[in-house]
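Peer 1: Residue numbers (my numbering), protein chains in the order written: chain A, 575 to 935; chain B, 650 to 938; chain C, 7 to 288.
1) Given a cut-off of 7 Å, decide if residue 153(C) and residue 146(C) are closer than it, judged by their beta-carbon atoms.
2) Taking the alpha carbon of residue 826(A) as the point to measure from, which residue in 814(A), 835(A) and 678(A) has its own alpha carbon closest?
3) How is residue 229(C) classed by DSSP in three states: helix, strand or coil?
4) DSSP on residue 190(C), reduced to helix/strand/coil?
5) Kindly indicate the opening and closing residues of the alpha helix (DSSP H) around residue 777(B).
6) Drop a sphere of 10 angstroms on the beta-carbon of residue 267(C), count the other beta-carbons inside from all chains shown, and report buried for 16 or more, exposed for fewer.
7) Taking DSSP as the reference, what is the three-state secondary structure of residue 745(B)?
8) Whole angstroms is fine: what's the gap from residue 881(A)'s alpha carbon to residue 927(A)'s?
9) Does the distance from the CB of residue 682(A) to the CB of residue 737(A) come in under 7 Å?
10) Can you tell me whether residue 747(A) is helix, strand or coil according to DSSP?
11) Quick one: is residue 316(C) buried, meaning 16 or more other Cβ sit within 10 Å of its Cβ, or exposed?
12) Sorted by chain position, which residues of the same chain lie with C-beta nearer than 6 Å to residue 750(A)'s C-beta, five sequence neighbours on each side aside?
13) Spell out whether any CB of chain C is found under 7 Å from the CB atom of residue 913(B).
14) Roughly how many whole angstroms lie between the Cα atoms of residue 867(B) and residue 14(C)?
15) For chain C, is any of its Cβ atoms less than 7 Å away from the one on residue 753(B)?
16) Name the chain A residues whose beta carbon is nearer than 8 Å to that of residue 848(B)?
17) Looking at the strands, I want to know which residues DSSP matches up with residue 851(A).
18) Is it true that the region 806-824 of chain A meets the region 847-859 of chain A, where meeting means three or more beta-carbon pairs spaced less than 8 Å apart?
19) Note down, one range per segment and in chain order, each beta strand (DSSP E) of at least 3 residues found wholly within the region 677-736 of chain A.
20) Comparing alpha-carbon positions, which option in 170(C), 228(C) and 198(C) lies nearest residue 115(C)?
21) Identify, in the order they occur along the chain, each residue of the same chain with its Cβ nearer than 8 Å to the Cβ of residue 933(A), setting aside the five sequence neighbours on each side.
22) Going straight from the alpha carbon of residue 845(B) to that of residue 819(B), what length do you get?
23) Whole angstroms are fine: how far does the CA of residue 264(C) sit from the CA of residue 716(B)?
24) Which residue marks the beginning of the beta strand (DSSP E) containing residue 534(A), and which one marks its end?
25) Taking C-beta to C-beta, are residue 597(A) and residue 644(A) nearer than 7 Å?
26) Mark residue 896(B) as exposed unless 16 or more other C-beta atoms lie within 10 angstroms of its C-beta, in which case mark it buried.
27) Touch check for the region 85-104 of chain C and the region 668-687 of chain B: three-plus C-beta pairs under 8 Å?
28) Within 10 angstroms of its Cβ, does residue 755(B) collect 16 or more other Cβ (buried), or is it exposed?
29) Have a look at 200(C), 237(C) and 177(C) and flag the residue whose alpha-carbon is nearest the alpha-carbon of residue 105(C).
30) Is the region 840-855 of chain B touching the region 765-776 of chain B, taking contact as three or more C-beta pairs under 8 Å?
31) Look at the alpha carbon of residue 42(C) and the alpha carbon of residue 861(B), and state the distance between them as a whole number of angstroms.
32) Please report whether the beta-carbon of residue 690(A) lies at a distance below 7 Å from any beta-carbon of chain B.
33) Between which residues of its own chain and residue 256(C) is the CB-CB distance below 6 Å, once the five residues before and five after are set aside?
34) State buried or exposed for residue 633(A), treating a residue as buried only when at least 16 other CB atoms are found within 10 Å of its CB.
35) Note the first and the last residue of the continuous alpha helix (DSSP H) segment covering residue 595(A).
36) Please go through the same chain and pick out, in chain order, the residues whose beta-carbon is closer than 8 Å to the beta-carbon of residue 626(A), but skip the five residues on each side of it.
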């Protein structure tokens, strides 16, 4: 599956990184299968996947800590996967930050520049600039053990960025932070990326995080790419059942198409699809409760009994038993009390046809 | 004051009362471990020789005799040379051995691991005799050099174990970060790995030095013309007990005490466990490394 | 991830040292055990099984080996008897004194063997501290002869030396037991004694096996304590080997016995490793 970089229908500028048919196995365990992916200049790409999906391995291959079992990685005109990590114009922010405990924060940030034997004046100015950017200038002379997790993360970022890499890799950098700090850092990271203008490859298992931050999301499952698209596209037009379920909530409707009509349990609507079995994804927020004061928009209606209500703050998720084994999850505003019976309506165009992608061993 | 301490022991933090016998047993074991040494020290000041209760006049006579004793000081000098050289050898081979065990995969690694750690649990006589046969076949004369080689061989395992324990506490990601930032393998080794191993290495050096100074079993078979301190003492023991030996033993004990406490403190300062020393016993058992 | 030259540079020197100073000597010992000594006190390199036949036929070797194992077994027993409750006390009841007490236990472990063995020699003799003390307080009329130059003295001294060795792995094992297991046990209604027998002891068995192996193997091969304190009745197998390499000049026979000891030790190590794995629950 070759994914060309596009954002909202417009092709982004030049391809920076090209991953071509990369596979990786450890002994008999296959971790990555035939991965092909391009990353554009200036793009914020997220590799999203559960644990065991291979996302960290893919990142480590790009960074140079693992070799490929097959396939190639190119950066511009250069073959990347043949180079040792210290020659690549790629830097990494590690999940554990990996700050050097025996060096001050300043020395940590200066490390890459020192090793490259840059002149001291240049090092001094670039380091102070980097510390400014992550708002850690006051702590320059401290040691890593004296600062908090969130602060360590910023230093790890500064240490990587000060080297002006062409590509920055971030391995679940926010997973150790608590929820509020995490949200704050998501915003900061995104704006930092825009400011610095280089490509970021961000690895996470948190789909909300992926949607908030990314220009594009590459959904990885059991070593294969399920879908590569912008957040809106993945959410609105998931390609597979897995993609539909992994990102956000959804209702998966098993249906049968016969003579221009889609039948799924008690639901029926017209469709131009060919005859045969089909699977549809229908998001809970696309199902509406029929109310006296609002107009009905959709062409499909069904009635059922409310069997569960979950309060989510601004919205609530209710489960409606519509008979014939169909239970729909509906997202609606929290106003109004508990109901027993619900009249539901939705547009058949909101039911997205998805592919079944079987679980690979 | 003492009552309060006993109170604390008797009722531990959870308010569960200790069985009285457990405390008594513990005190008994400590007494068993230390009383002989205390007796040794006390009688080094006794003017009436060793044995005979109660000790009579306290005197520094034996210490004066000790300080005038030439052969003893010669042997001390020999021991110091041997200990220093053995320390260098043990570290020079033990540090790479720890790195190899922690990082590299190669054929025969399991055998290598077992061989390196074997001297920790093997009775000294086997290590000593096997080396004696080696030197015999090679035609090497027995001397301080053979003792140095013997100590080095026996103590490489201590260096390996201590450094290995330190390596395991080292975050692998730090070395990857260094490579990521542009340093190659050698630069990473010197800038990141070694500084983080500073404490374990110093601790190992201290321990090895102390063990070499006290070593007698392996040295027994590899001795040439020059004696080490333990062997010098041993020789005199065959001729009879004198309180002078008590005096030198007391001094040895005090030095070892200081060295071990220092080593322990060093180990504790690292990202360490409060069970410094168990890694050696566990390594001897074939696991933890 | 690490380059080949780095790995080679790191692996080769110790590999070389191990081959020359550990592997080769053991192989030499193996070879020596099949040779013999001529009447003119030279080593004859003719390969035969004479030494091993001697070991099997001549009584003194067997008896000494068995006596040594019996001594080692007693040392192990007493070391565990002393070491386990001590480890338990330190781990569960020492509170903030734990660190200090731990240091107090390991100090004797690293302090000179010779100093400690010598200390016992001065205490146990007929004119020694213990005997004169007993007579001074009129608990005994004559010096107790069995105290020194007997298997008793050897067992006592070796127990003194190896108790800390037995203590260490037991303590480590006890420390590794998660405290919430004990809380769970109490929560479910077990008394402290029951918790000990049902939870703590089983989980500490690998440590006990490790400590026992250490004490047994090292006391089995000991020759210094018997020389100092054992007397004629306290001779152990290593003393025979020492004399074969000394006055009795029969290196091949000595090598044969040493090789047997080496194989015995290695077998015990494998056995103890297997037992620990079998009885471990983590």
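By construction, the Cβ of each residue, glycine as well, lies at the ideal position given by its N, Cα and C atoms.
Only a predicted model underlies this, so the values are computations on that prediction, with no experimental measurement involved.
Peer 2: Checking against the coordinates, here is how it stands:
1) Counting from 1 along the third chain, the entry for residue 146(C) is found at position 140. Counting from 1 along the third chain, the entry for residue 153(C) is found at position 147. No.
2) Counting from 1 along the first chain, the entry for residue 826(A) is found at position 252. Residue 814(A) is the option with its Cα nearest to residue 826(A).
3) Counting from 1 along the third chain, the entry for residue 229(C) is found at position 223. In the displayed model, residue 229(C) falls within coil according to three-state DSSP, outside both helix and strand.
4) On the third chain, residue 190(C) is found 184 positions in, with the first residue counted as 1. Per DSSP, reduced to three states, the secondary structure at residue 190(C) is helical.
5) Taking the second chain and counting its residues from 1, the one referred to as residue 777(B) is at position 128. Element bounds for residue 777(B): 773-787.
6) For the purposes of this step, residue 267(C) is taken as the residue at position 261 of the third chain. Within a 10 Å sphere around the beta-carbon of residue 267(C) sit 16 or more other beta-carbons, which makes this residue buried.
7) Numbered from its first residue, the second chain carries residue 745(B) at position 96. Residue 745(B): helix per DSSP, three-state reduction.
8) Taking the first residue of the first chain as 1, we reach residue 881(A) at position 307. Taking the first residue of the first chain as 1, we reach residue 927(A) at position 353. C-alpha separation (whole angstroms): 27 Å.
9) To locate residue 682(A), count along the first chain from 1; it is residue 108. To locate residue 737(A), count along the first chain from 1; it is residue 163. Taking C-beta atoms as the reference points, residue 682(A) and residue 737(A) fail to come closer than 7 Å.
10) The sequence position of residue 747(A) within the first chain is 173, counting from 1. When DSSP states are grouped into helix, strand and coil, residue 747(A) belongs to the coil group.
11) As displayed, chain C neither begins before 7 nor continues past 288, which places residue 316(C) out of reach and without an answer.
12) In the first chain, residue 750(A) corresponds to position 176, counting from 1. For residue 750(A), where only same-chain residues beyond five positions count, the Cβ hits under 6 Å are 723.
13) On the second chain, residue 913(B) is found 264 positions in, with the first residue counted as 1. Yes, contact with chain C.
14) Position 218 of the second chain, counted from the start, is the residue given in the question as residue 867(B). Position 8 of the third chain, counted from the start, is the residue given in the question as residue 14(C). Cα-Cα distance, rounded: 31 Å.
15) For the purposes of this step, residue 753(B) is identified with residue 104 of the second chain, where counting begins at 1. Yes, because at least one Cβ of chain C sits closer than 7 Å to the Cβ of residue 753(B).
16) For this step, residue 848(B) is matched to residue 199 along the second chain. For residue 848(B), there are no C-beta contacts with chain A under 8 Å, since the nearest C-beta of that chain is about 10 Å from it.
17) As a working mapping, residue 851(A) is identified with position 277 in the first chain. When DSSP reads this structure, residue 851(A) sits in a beta bridge with 830(A).
18) Contact annotation: the region 806-824 of chain A touches the region 847-859 of chain A, with at least three C-beta pairs closer than 8 Å.
19) Correct list: empty.
20) One-based indexing of the third chain puts residue 115(C) at position 109. Checked all of 170(C), 228(C) and 198(C); the closest Cα to residue 115(C) is 170(C).
21) Numbered from its first residue, the first chain carries residue 933(A) at position 359. When the five nearest sequence neighbours on each side are left out, the beta carbons in the same chain lying within less than 8 Å of the beta carbon of residue 933(A) are those of 796, in order along the chain.
22) Residue mapping note: residue 845(B) aligns to position 196 of the second chain, counting from 1. Residue mapping note: residue 819(B) aligns to position 170 of the second chain, counting from 1. Residue 845(B) and residue 819(B) have their C-alpha atoms roughly 7 Å apart.
23) As a position in the second chain, residue 716(B) is number 67, starting the count at 1. As a position in the third chain, residue 264(C) is number 258, starting the count at 1. Straight-line spacing of the CA atoms in residue 716(B) and residue 264(C) works out to 40 Å.
24) Given that chain A is displayed from residue 575 to residue 935, the structure contains no residue 534(A) and the question cannot be resolved.
25) If you number the first chain from 1, residue 597(A) lands on position 23. If you number the first chain from 1, residue 644(A) lands on position 70. Yes. Within cutoff.
26) Sequence index remark: in the second chain, residue 896(B) carries index 247 (1-based). With at least 16 other beta carbons inside 10 angstroms of its own, residue 896(B) counts as buried.
27) Judged by Cβ distances under 8 Å, the region 85-104 of chain C makes contact with the region 668-687 of chain B, as three or more pairs qualify.
28) Your numbering for residue 755(B) matches position 106 in the second chain. Exposed, because fewer than 16 other Cβ atoms sit within 10 Å of the Cβ of residue 755(B).
29) As a first step, residue 105(C) must be located in the third chain, where it is residue number 99. For the residues 200(C), 237(C) and 177(C), the minimum Cα distance to residue 105(C) belongs to 177(C).
30) These segments do not touch.
31) Position 36 of the third chain, counted from the start, is the residue given in the question as residue 42(C). Position 212 of the second chain, counted from the start, is the residue given in the question as residue 861(B). If you take the alpha carbons of residue 42(C) and residue 861(B), they lie about 34 Å apart.
32) Locating residue 690(A) in the first chain gives position 116, where the first residue counts as 1. Taking Cβ atoms only, chain B reaches closer than 7 Å to residue 690(A), which makes this a yes.
33) Taking the first residue of the third chain as position 1, residue 256(C) is located at position 250. Counting only Cβ-Cβ distances below 6 Å, and skipping sequence neighbours, we find 43 and 250.
34) Stepping through the first chain from its first residue, residue 633(A) is reached at position 59. Result: buried.
35) Indexing the first chain from 1 puts residue 595(A) at position 21. Where residue 595(A) is concerned, there is no enclosing alpha helix (DSSP H), although the beta strand (DSSP E) it sits in stretches over 589-600.
36) As a working mapping, residue 626(A) is identified with position 52 in the first chain. Only 796 meet the Cβ criterion.
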